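Numbering (the working numbering), first residue to last: 29 to 534.
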């Protein structure tokens with residue numbers, strides 16, 4: 029997910045050329061009313077596509093299409109679908125949805141909502157399809173069970189996206205696009221995880237076929253939101269520019285270069301260097317000196333409703349249990365006495381019959397989860413293949429001074445905003461190849477594996493695998509994956525009291 033850039037002032041834009049001036053004039057005319065705004069956006073984009081029609085044949089566009097040729101909703105659908113990978117599915121599904129909805133469609137925002145609603149319909153079909161599968165094979169039965177839960181999670185993400193799209197405020201799409209694309213990306217992950225759980229064979233192929241349209245529509249919705257945001261930003265409509273941090277290259281720990289739009293309270297929180305003293309709601313201790321002896325008991329006894337953060341202190345000890353912080357357990361903070369002192373351990377693995385998705389010793393699903401000074405490990409050896417120590421599905425989760433130990437798939441960052449590890453020290457235990465195929469040739473031509481400014485004996489990239497998507501990125505490319513840009517860390521991490529560096533260190 030790339031960060032959106034700021035756009036210059038009016039004088040700078042005038043220097044950019046005649047085409048951009050034309051878009052600006054269209055923008056000025058559109059401010060008169062919201063209804064006119066939507067019409068002008070469509071007109072501007074059609075002009076833009078017409079001016080770039082030399083390349084349109086390769087993308088399925090035709091310069092002969094004009095705003096007069098089609099009803100307003102059809103024009104908007106063609107416009108938004110032009111950026112998708114599955115244009116026919118996009119135009120067909122949205123046109124049918126508009127026809128079913130009737131006169132309730134009032135503009136671009138409504139059509140974007142429909143792009144999400146059609147995914148809900150397809151997810152429902154896939155859910156019913158998975159329920160209809162019958163098998164005595166325990167692996168298949170387990171995969172079906174996983175799919176039911178994953179597709180329910182996907183539906184929750186889609187409902188969150190629809191709620192976010194409430195109203196007709198098309199101007200705020202660029203500001204909301206990060207959240208929208210985060211939720212939709214999570215839906216794609218759930219869809220693929222559902223398929224991956226089935227053993228190779230006819231049933232897996234059947235499930236993959238049943239999920240095909242839902243995956244295509246999700247991909248389309250992601251592209252539509254990205255295109256709408258790009259076009260609105262290109263037109264530079266007043267008030268929609270994202271409030272990016274003024275200086276992403278500075279850490280917040282030093283209290284300097286904080287953006288002007290931050291509140292006084294956020295500024296104070298961001299400037300704090302000292303460790304914030306935590307007062308636990310409950311304490312877990314193996315020796316019986318706390319409220320509970322297991323982490324699972326502490327979670328099971330959480331109140332269904334609480335304000336702010338729910339804090340669990342886990343005293344030093346090795347806790348042999350499989351823990352899940354469920355989706356309903358939001359804003360949970362769990363802290364220990366050190367990553368080598370407070371350790372959650374397990375040994376579930378793929379070879380012994382557990383699906384990768386379910387092997388995690390510790391799974392964080394509830395949004396806003398924070399772990400401090402804890403260790404998570406899976407002790408299944410290398411011969412046991414996939415054996416996850418920590419699975420993260422929680423959005424805006426933080427792991428501070430934590431340790432993850434395992435052999436394969438140690439950290440499974442399943443969904444939501446994740447960041448790339450850069451400027452890191454890589455030990456000699458890393459094979460010079462750097463990467464191994466997941467499943468034969470699967471994904472080798474489409475993957476993206478980036479490395480930047482790492483150090484240590486394992487950081488030499490000369491012998492890395494020669495896959496097309498494996499590369500050393502530039503500083504400019506690396507900036508896109510910093511905490512400030514990639515996960516909008518300046519908006520939320522500081523408020524948790526966690527020290528954070530938003531940009532590159534060097």
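Idealized CB from N, CA, C, for every residue including glycine.
Remember, predicted model here, so these are calculated numbers, not experimental data.
Quiz item: In this structure, what does DSSP give as the bridge partners for residue 499?
Solution: Taking the first residue of the chain shown as position 1, residue 499 is located at position 471. DSSP output for residue 499 lists 478 as bridge partner(s).
Quiz item: For residue 304, which residues from the same chain have a beta carbon less than 7 angstroms from its beta carbon, with the 5 sequence-adjacent residues on both sides left out?
Solution: By one-based count along the chain shown, residue 304 stands at place 276. Confidence at residue 304 is low in this model, with a pLDDT of 49, below 50, so its placement is unreliable and the value that follows should be read with caution. Answer for residue 304: 525, listed in chain order.
Quiz item: Should residue 244 go down as buried or exposed, given a rule of 16 or more other Cβ atoms within 10 Å for buried?
Solution: Reading the chain shown from its first residue, position 216 is the one you call residue 244. It is buried - the Cβ of residue 244 has at least 16 other Cβ atoms within 10 Å.
Self-check item: Same chain, Cβ closer than 7 angstroms to residue 409, neighbours up to 5 away in sequence not counted
Solution: Indexing the chain shown from 1 puts residue 409 at position 381. Correct list, in chain order: 435.
Exercise. Would you grab the beta carbon distance between residue 450 and residue 487 for me? Rounded to a whole angstrom, and I think it's under 8 angstroms.
Key: Against the chain shown, residue 450 aligns to sequence position 422. Against the chain shown, residue 487 aligns to sequence position 459. Not quite, the Cβ-Cβ distance comes to about 11 angstroms (not below 8 angstroms), so this is no contact.
Exercise. To the nearest angstrom, report how far apart residue 425 and residue 363 are at their CA atoms.
Key: Taking the chain shown and counting its residues from 1, the one referred to as residue 425 is at position 397. Taking the chain shown and counting its residues from 1, the one referred to as residue 363 is at position 335. Taking the straight line joining both Cα atoms gives about 13 angstroms.
Quiz item: Secondary structure at residue 218, three-state DSSP: helix, strand or coil?
Solution: Position 190 of the chain shown, counting from 1, holds the residue named residue 218. If DSSP states are grouped into helix, strand and coil, residue 218 belongs with the helices.
Self-check item: Reduced DSSP secondary structure (H/G/I, E/B, other) of residue 392
Solution: Position 364 of the chain shown, counting from 1, holds the residue named residue 392. Note: residue 392 maps to strand in three-state DSSP.
Exercise. State the DSSP-derived secondary structure class of residue 162, mapped to helix, strand or coil.
Key: If you number the chain shown from 1, residue 162 lands on position 134. In the structure shown, residue 162 falls within a coil segment according to DSSP collapsed to helix, strand and coil.
Quiz prompt | residue 383 burial status per 10 Å Cβ neighbour count (16 or more: buried) | solution = Mapped onto the chain shown, residue 383 falls at position 355. That one is buried.
Quiz item: Counting only runs that start and end within the stretch 333-376, where is the beta strand (DSSP E) found for 3 or more residues in a row?
Solution: 338-342, 345-348, 351-353, 360-363, 370-374
Quiz item: Under three-state DSSP, which class holds residue 136?
Solution: Within the chain shown, residue 136 is the residue found at index 108, counting from 1. DSSP places residue 136 in helix when its eight states are reduced to three.
Self-check item: Run of the alpha helix (DSSP H) containing residue 323, from where it starts to where it stops
Solution: Within the chain shown, the letter at position 295 stands for residue 323. Unbroken alpha helix (DSSP H) run through residue 323: 323-328.
Self-check item: Beta-carbon spacing of residue 353, residue 396 below 7 angstroms
Solution: In the chain shown, the residue the question calls residue 353 occupies position 325. In the chain shown, the residue the question calls residue 396 occupies position 368. Not in contact: residue 353 and residue 396 (Cβ atoms no closer than 7 angstroms).
Quiz item: Terminal residues of the continuous alpha helix (DSSP H) containing residue 406?
Solution: What you label residue 406 is simply residue 378 of the chain shown in a count that begins at 1. From DSSP, residue 406 is part of no alpha helix (DSSP H) but of the beta strand (DSSP E) over 403-406.
Exercise. Return the chain-ordered list of same chain residues with a C-beta closer than 6 angstroms to the C-beta of residue 153, the five sequence neighbours on each side being excluded.
Key: Looking up residue 153 in the chain shown gives position 125. Nothing meets the Cβ criterion.
Quiz item: Could you give the distance in angstroms between the alpha-carbon of residue 300 and the alpha-carbon of residue 169?
Solution: Your numbering for residue 300 matches position 272 in the chain shown. Your numbering for residue 169 matches position 141 in the chain shown. Because the pLDDT of residue 300 is 42, which lies under 50, any placement of that residue in the model is unreliable, and the number read from its coordinates should be weighed accordingly. So the alpha carbons of these two residues sit roughly 50 angstroms apart.
Practice problem: Grab me the residues of residue 376's own chain with a C-beta within less than 6 angstroms of its C-beta, minus the 5 sequence neighbours each way, in chain order. | Solution: Taking the chain shown and counting its residues from 1, one reaches residue 376 at position 348. Correct list, in chain order: 382, 387.
Exercise. Would you identify the three-state DSSP class for residue 208, choosing helix, strand or coil?
Key: The sequence position of residue 208 within the chain shown is 180, counting from 1. In the structure shown, residue 208 sits in a helix (DSSP, three-state: H, G or I).
Practice problem: Would you verify that the beta carbon of residue 239 is, or is not, closer than 7 angstroms to some beta carbon of chain D? | Solution: Among the chains in the structure shown there is no chain D, since it carries only a single protein chain.
Quiz prompt | Proximal residues to residue 111 (C-beta, below 6 angstroms), its chain only, five neighbours per side dropped | solution = Mapped onto the chain shown, residue 111 falls at position 83. Its chain contains 251, 255 as the residues whose beta carbon lies nearer than 6 angstroms to that of residue 111, once the 5 sequence neighbours on both sides are disregarded; these appear in chain order.
Quiz item: How long is the line joining the alpha carbons of residue 345 and residue 121, rounded to whole angstroms?
Solution: Here residue 345 corresponds to residue number 317 of the chain shown, with the count starting at 1. Here residue 121 corresponds to residue number 93 of the chain shown, with the count starting at 1. Taking the straight line from one Cα to the other gives about 55 angstroms.
Quiz item: Would residue 242 pass as a contact of residue 140 if the rule is Cβ separation under 7 angstroms?
Solution: Counted from its first residue, the chain shown places residue 242 at position 214. Counted from its first residue, the chain shown places residue 140 at position 112. No, they are not a contact pair.
Exercise. Grab me the residues of residue 157's own chain with a C-beta within less than 7 angstroms of its C-beta, minus the 5 sequence neighbours each way, in chain order.
Key: Here residue 157 refers to the residue found at position 129 of the chain shown. Non-local beta-carbon contacts of residue 157 in its own chain, meaning distances under 7 angstroms to residues more than five positions away in sequence, involve 238 in chain order.
Exercise. Kindly indicate which three-state DSSP category residue 295 falls into: helix, strand or coil?
Key: Mapped onto the chain shown, residue 295 falls at position 267. A caution first: residue 295 carries a pLDDT of 45, below 50, which makes its placement in the model unreliable, though a value can still be read off. In this structure, residue 295 counts as helix in the three-state DSSP scheme.
Quiz item: If you run the structure through DSSP and keep just helix, strand and coil, what is residue 258?
Solution: Here residue 258 refers to the residue found at position 230 of the chain shown. DSSP places residue 258 in helix when its eight states are reduced to three.
Practice problem: Using the Cα positions of residue 108 and residue 499, report the straight-line distance between them to the nearest angstrom. | Solution: In the chain shown, counting from the first residue as 1, residue 108 sits at position 80. In the chain shown, counting from the first residue as 1, residue 499 sits at position 471. So the two alpha carbons sit approximately 32 angstroms from each other.
Exercise. Using DSSP bridges, identify the partner residues of residue 472.
Key: Residue mapping note: residue 472 aligns to position 444 of the chain shown, counting from 1. Residue 472 is bridged by DSSP to nothing; it lacks a bridge partner.
Quiz item: Can you check whether the CB of residue 532 is closer than 7 angstroms to the CB of residue 510?
Solution: Here the question's residue 510 lines up with position 482 in the chain shown. Here the question's residue 532 lines up with position 504 in the chain shown. If you check the CB distance, residue 510 and residue 532 come in under 7 angstroms.
Exercise. Starting from the C-beta of residue 378, find all residues in its chain whose C-beta is less than 8 angstroms away, skip the five residues before and the five after it, and write them out in chain order.
Key: Along the chain shown, read from residue 1 onward, the residue named residue 378 stands at position 350. Hits under 8 angstroms: 384, 387, 412, 413, 414, 415.
Quiz item: Less than 7 angstroms separating the beta-carbons of residue 341 and residue 372?
Solution: In the chain shown, counting from the first residue as 1, residue 341 sits at position 313. In the chain shown, counting from the first residue as 1, residue 372 sits at position 344. No, these two residues do not count as a Cβ contact at 7 angstroms.
Self-check item: Continuous beta strand (DSSP E) stretch holding residue 399: start and end
Solution: Reading the chain shown from its first residue, position 371 is the one you call residue 399. Run containing residue 399: 398-400, per the beta strand (DSSP E) assignment.
Quiz item: Can you give the Cα-Cα distance for residue 507 and residue 513, rounded to whole angstroms?
Solution: As a working note, residue 507 is residue 479 in the chain shown. As a working note, residue 513 is residue 485 in the chain shown. Rounded to whole angstroms, residue 507 to residue 513 spans 7 angstroms at the Cα level.
Exercise. Indicate whether residue 326 and residue 312 have their beta-carbon atoms separated by less than 7 angstroms.
Key: Locating residue 326 in the chain shown gives position 298, counting from the first residue. Locating residue 312 in the chain shown gives position 284, counting from the first residue. Going by C-beta atoms, residue 326 is nearer than 7 angstroms to residue 312.
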